[in-house]
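**Q** Sharing a structure with you now.
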Amino acid sequence: MWQDPRQAERAAWIARAVAHPVRLRILAYLAEQGAYVMDLTTALGRRQANISQHLMVLREVGLVQAEREGMMVRYTLRSELVADLLALLARLAEGLPEEPSMGLGPRRFRRGRGRGRW
729 MWQDPRQAER AAWIARAVAH PVRLRILAYL AEQGAYVMDL TTALGRRQAN ISQHLMVLRE
789 VGLVQAEREG MMVRYTLRSE LVADLLALLA RLAEGLPEEP SMGLGPRRFR RGRGRGRW
C-alpha cells in the first residue's frame with residue numbers, strides 16, 4: 729500500500745476533503761439519501777452559499793456526484809465506499825477522548841501555492 733506516490737496524493741486529497749465537520753455531515757446526509765442544496769441547508773442549518781462551496785470541494789475530489797433534474801441539481805454519493813469511510817471514521821471518533829490533546833484543533837485550509845482550494 730502507498731507504493732505509488734500518485735495514489736498517496738489522491739488519498740491525501742480525499743482526507744483533506746473530509747477533514748471538515750460540515751463536509752462530513754453533508755456526506756452522512758447523502759449516505760442516507762440523495763439531496764438538493766435546499767434540503768442540506770435546512771438539515772444542517774447553513775446558508776446556501778456555504779453548502780454549495782462544500783459540495784464543490786466534495787465534487788472536485790470525486791466523493792459526490794451531481795445529477796441535473798430540470799432546474800434542480802440532486803447530489804448523491806459517488807460510491808458506497810464513501811459511506812464505508814464515514815462509518816469507519818465514526819467508529820474511530822467514538823474511541824477518542826472528548827478533546828484530543830494532539831494540538832490538532834479545527835483549522836481552516838488556506839489558499840496558497842500548491843495547497844489546493846481548501
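When you read off a place in the sequence shown, starting at 1, and then add 728, the result is the number in this note's numbering. Quick reminder that beta carbons are idealized off the backbone N, C-alpha and C, glycines included. Please read all numbers here as calculations on a predicted model, not as lab measurements.
Which runs of the alpha helix (DSSP H) fall wholly inside the stretch 734-775 and span at least 4 residues, in chain order?
**A** Taking only runs of at least 4 residues, the alpha helix (DSSP H) segments lying wholly in the stretch 734-775 are 749-760 and 765-772.
**Q** Is the beta carbon of residue 791 less than 8 Å from the beta carbon of residue 806?
**A** Sequence index remark: in the sequence shown, residue 791 carries index 63 (1-based). Sequence index remark: in the sequence shown, residue 806 carries index 78 (1-based). Yes.
**Q** Mind checking residue 824: buried by the 16 CB within 10 Å criterion, or exposed?
**A** Within the sequence shown, numbered from 1, the residue matching residue 824 stands at position 96. So residue 824 counts as exposed.
**Q** I'd like to know if the stretch 736-748 and the stretch 763-771 are in contact, where contact means that at least 3 CB-CB pairs between them fall below 8 Å.
**A** Contact between the stretch 736-748 and the stretch 763-771 is absent, because fewer than three Cβ pairs lie under 8 Å.
**Q** Taking all protein chains shown into account, do 16 or more other C-beta atoms lie within 10 angstroms of the C-beta of residue 734, making it buried, or fewer, making it exposed?
**A** Along the sequence shown, read from residue 1 onward, the residue named residue 734 stands at position 6. So residue 734 counts as exposed.
**Q** If you draw a straight line from the C-alpha of residue 730 to the C-alpha of residue 815, how long is it?
**A** The sequence position of residue 730 within the sequence shown is 2, counting from 1. The sequence position of residue 815 within the sequence shown is 87, counting from 1. Each residue's Cα considered, the two are about 22 Å apart.
**Q** In terms of DSSP beta bridges, what is residue 805 paired with?
**A** Locating residue 805 in the sequence shown gives position 77, counting from the first residue. DSSP, once it has assigned bridges, lists 792 as partnering residue 805.
**Q** Candidates 803, 788 and 789: which alpha carbon is nearest residue 795's?
**A** As a first step, residue 795 must be located in the sequence shown, where it is residue number 67. Considering only alpha carbons, the answer is 803.
**Q** Which value, in whole angstroms, describes the spacing of the CA atoms of residue 811 and residue 758?
**A** Sequence index remark: in the sequence shown, residue 811 carries index 83 (1-based). Sequence index remark: in the sequence shown, residue 758 carries index 30 (1-based). Each residue's alpha carbon lies about 9 Å from the other.
**Q** Using a Cβ-Cβ cut-off of 6 Å (strictly less than) and excluding sequence neighbours within five positions of residue 769, which residues of its own chain qualify?
**A** What you label residue 769 is simply residue 41 of the sequence shown in a count that begins at 1. Excluding positions up to five away in sequence, the list reads 776 and 779.
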